[in-house]
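Residue numbers (the numbering used here): 198 to 640.
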């Protein structure tokens with residue numbers, strides 16, 4: 198029995214700097230691509246309004262979630278918190294929402310990696326590059342969390358420098374008239390339609406909690422890593438938004454040419470407008486942008502592996518997913534299973550739809566986690582909480598209200614994708630009830 202438990206344990210090797218690298222790395226691709234698709238929906242003002250509300254949600258959510266991560270430092274993150282506070286059914290739904298977020302975000306990023314590299318290697322198909330990226334970075338995650346996190350930190354630092362270089366190059370060309378031009382093309386409803394792309398600026402920051410079980414002194418280091426990561430990301434978000442839109446108006450960083458399809462590469466489009474495609478800075482931003490995409494792709498794969506691993510370890514999914522590699526002590530089976538699902542999603546080629554489904558999962562996770570926090574404060578007042586969210590209960594309530602409004606708005610604006618998302622949850626829940634109920638009966 199002791200040997201079995203030992204074989205299911207993850208090694209503690211991560212410190213606060215590594216956690217900062219993971220937290221920023223999970224998210225930073227959202228600065229390089231994807232968010233600009235919200236400009237087509239809401240224009241500058243619509244996306245700006247959506248982004249302000251989402252920043253408030255993420256600031257209040259992150260510090261609330263940190264309380265949970267420090268009190269219950271488990272690899273399952275939201276799944277473990279919901280099980281403890283709300284029971285097995287809500288725990289499963291929270292965990293499944295987390296899995297959908299973490300498994301569906303990487304295919305969208307992989308497609309963008311392919312698109313960025315295709316600039317330099319036009320003869321290689323985008324999908325082939327994306328699948329190759331899946332194989333490489335899944336393999337790195339299987340090799341070891343210390344190596345994976347060290348790699349993540351390095352490329353995250355480069356990606357942050359890239360955003361600062363872009364802002365430094367673009368801001369001298371900033372003009373307020375570009376921010377005001379056609380600022381609300383689809384009316385106030387455009388702000389609601391832009392919400393998934395505002396969320397994309399910060400999606401997956403909560404993945405820091407999923408490596409709490411592999412963190413040295415998690416009760417202290419998770420707070421430092423989480424807090425510094427969200428503050429870094431808010432600053433980068435505001436810089437990137439202003440610098441990109443301010444150089445030529447929002448259409449400039451959405452459409453490569455009049456009548457063209459929306460682009461996933463807003464920063465190179467902004468640089469093309471200011472310095473031209475043959476300038477050193479254009480190529481530098483495009484190249485460094487690849488580091489940002491890789492940072493998020495690799496980091497979310499890491500977090501997704503832990504979330505799926507925890508599902509298997511506690512018996513909510515096939516037991517093979519809850520086993521660690523005997524040599525590398527990483528959740529190899531969970532990582533490989535996630536890669537398989539991700540490649541299938543990647544082959545659909547629908548980046549915007551995949552982003553939206555990932556946002557459905559994220560918002561469900563946020564809602565269930567905030568309810569779990571409020572419940573645990575009443576249910577287990579004596580639970581050791583090394584960090585307590587400031588201004589309780591207002592922070593978790595604000596995060597909960599904004600997440601609910603955003604979820605409703607995205608559902609109304611994406612009824613077909615909402616049906617797909619709820620169908621995934623329903624099928625998984627039916628399977629869970631059959632599988633887990635039978636398992637309980639035999640114990």
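Idealized CB from N, CA, C, for every residue including glycine.
Subject >> Three-state class that DSSP yields for residue 545 in the structure shown >> reply: Annotated three-state conformation of residue 545 is coil, per DSSP.
Original post:
Which class does residue 214 belong to by DSSP, given the choice of helix, strand or coil?
Top reply: Of the three classes helix, strand and coil, the one that applies to residue 214 here is helix, per DSSP.
Subject >> Continuous alpha helix (DSSP H) assignments of at least 4 residues falling wholly in the region 276-342 >> reply: Annotation: the region 276-342 contains the following complete segments of the alpha helix (DSSP H) (minimum length 4 residues), in chain order: 285-317, 323-340.
**OP:** Using three-state DSSP, classify residue 527 as helix, strand or coil.
**Re:** Three-state DSSP puts residue 527 in coil, outside helix and strand.
Original post:
With 16 as the cutoff for other CB atoms within 10 Å, does residue 264 come out buried or exposed?
Top reply: Classification for residue 264: buried.
Original post:
Taking the C-alpha atoms as reference points, what is the distance between residue 417 and residue 385?
Top reply: If I take the Cα positions, the gap works out to 43 Å.
Original post:
Count the other CB atoms within 10 Å of the CB of residue 581; is the residue buried (16 or more) or exposed (fewer)?
Top reply: Looking at its Cβ environment, which holds fewer than 16 other Cβ atoms inside 10 Å, residue 581 is exposed.
Original post:
For residue 458, is the classification buried or exposed, using 16 other Cβ atoms within 10 angstroms of its Cβ as the cut-off for buried?
Top reply: Per the 10 Å Cβ criterion, exposed.
Original post:
By a C-beta neighbour count over all protein chains shown, 10 Å radius and 16 as the cutoff for buried, is residue 288 buried or exposed?
Top reply: Residue 288 should be labelled buried.
**OP:** Please name the residue, chosen from 351, 512, 366, that lies closest to residue 477 on a Cα-to-Cα basis.
**Re:** For the residues 351, 512, 366, the minimum Cα distance to residue 477 belongs to 366.
Original post:
Below 8 Å, can you find three or more Cβ-Cβ pairs linking the region 465-477 to the region 235-242?
Top reply: No, the region 465-477 is not in contact with the region 235-242.
**OP:** Indicate whether residue 381 and residue 222 have their beta-carbon atoms separated by less than 8 Å.
**Re:** Taking the C-beta atoms as reference points, residue 222 is found no nearer than 8 Å to residue 381.
Subject >> Residue from 231, 217, 615 with nearest C-alpha to residue 396 >> reply: Here the closest residue by C-alpha is 231.
Subject >> Nearest-angstrom Cα separation, counted from residue 301 out to residue 354 >> reply: Residue 354 and residue 301 have their C-alpha atoms spaced approximately 25 Å apart.
Original post:
DSSP three-state call for residue 199: helix, strand or coil?
Top reply: With a pLDDT of 42 at residue 199, under the threshold of 50, the modelled position of that residue is not reliable, and the figure given next carries that caveat. In the displayed model, residue 199 falls within a helix according to three-state DSSP.
Original post:
Beta carbon of residue 503, beta carbon of residue 272: below 8 Å?
Top reply: Annotated as proximal: residue 503 and residue 272, with beta-carbon spacing under 8 Å.
Original post:
Using the C-alpha atoms, what's the distance from residue 537 back to residue 600?
Top reply: Cα to Cα, residue 600 sits roughly 30 Å from residue 537.
Subject >> Anticipated Cβ contact below 8 Å, residue 267 with residue 420, distance rounded >> reply: 6 Å between Cβ atoms; contact.
Original post:
Can you tell me the Cα-Cα spacing of residue 403 and residue 219, whole angstroms?
Top reply: Going by the C-alpha atoms only, they are around 10 Å apart.
Original post:
So the alpha helix (DSSP H) residue 237 belongs to, where does it begin and stop?
Top reply: First-last of the alpha helix (DSSP H) with residue 237: 234-268.
Subject >> Unbroken alpha helix (DSSP H) run spanning residue 418, endpoints >> reply: First-last of the alpha helix (DSSP H) with residue 418: 415-442.
Original post:
By a C-beta neighbour count over all protein chains shown, 10 Å radius and 16 as the cutoff for buried, is residue 700 buried or exposed?
Top reply: In the structure as shown, the chain starts at 198 and stops at 640, and residue 700 therefore has no counterpart that could be examined.
Original post:
Alpha carbon to alpha carbon, how far is residue 590 from residue 400?
Top reply: So the two alpha carbons sit approximately 23 Å from each other.
Original post:
Enumerated in chain order, which unbroken segments of the alpha helix (DSSP H) with a length of 4 residues or greater are wholly contained in the region 548-633?
Top reply: Within the region 548-633, the complete alpha helix (DSSP H) runs of at least 4 residues fall at 548-576, 591-610.
Original post:
Roughly how many angstroms separate the alpha carbons of residue 595 and residue 347, rounded to a whole number?
Top reply: Cα to Cα, the separation comes out at about 35 Å.
**OP:** Take residue 299 as the anchor and find which of 598, 603, 551 has the nearest alpha-carbon.
**Re:** Among 598, 603, 551, the Cα nearest to that of residue 299 belongs to 551.
**OP:** Please confirm if the region 367-379 is in contact with the region 442-454, defined as three or more CB-CB distances below 8 Å between the two stretches.
**Re:** The region 367-379 is in contact with the region 442-454.
**OP:** Sort out for me which residues DSSP pairs residue 412 with in a bridge.
**Re:** According to DSSP, residue 412 bridges with 211.
Original post:
For residue 295, does the count of other Cβ atoms within 10 angstroms reach 16, so buried, or fall short, so exposed?
Top reply: For residue 295, the number of other beta carbons within 10 angstroms of its own is at least 16, and it is reported as buried.
**OP:** Pick helix, strand or coil for residue 495, following the three-state DSSP scheme.
**Re:** Helix.
Original post:
Any idea what DSSP makes of residue 354, helix, strand or coil?
Top reply: Residue 354 falls in the helix class under three-state DSSP.
Subject >> Backbone CA spacing between residue 212 and residue 487 [nearest angstrom] >> reply: So the two alpha carbons sit approximately 26 Å from each other.
Subject >> Reduced DSSP category for residue 373 - H, G, I as helix; E, B as strand; rest coil >> reply: In this structure, residue 373 counts as helix in the three-state DSSP scheme.
Original post:
Whose C-alpha, out of 529, 437, 572, 561, is nearest the C-alpha of residue 336?
Top reply: Of the residues 529, 437, 572, 561, the one whose Cα lies closest to the Cα of residue 336 is 529.
Original post:
Looking at the structure shown, is residue 485 part of a helix, part of a strand, or coil, going by DSSP?
Top reply: The three-state reading of DSSP puts residue 485 in helix, counting H, G and I together.
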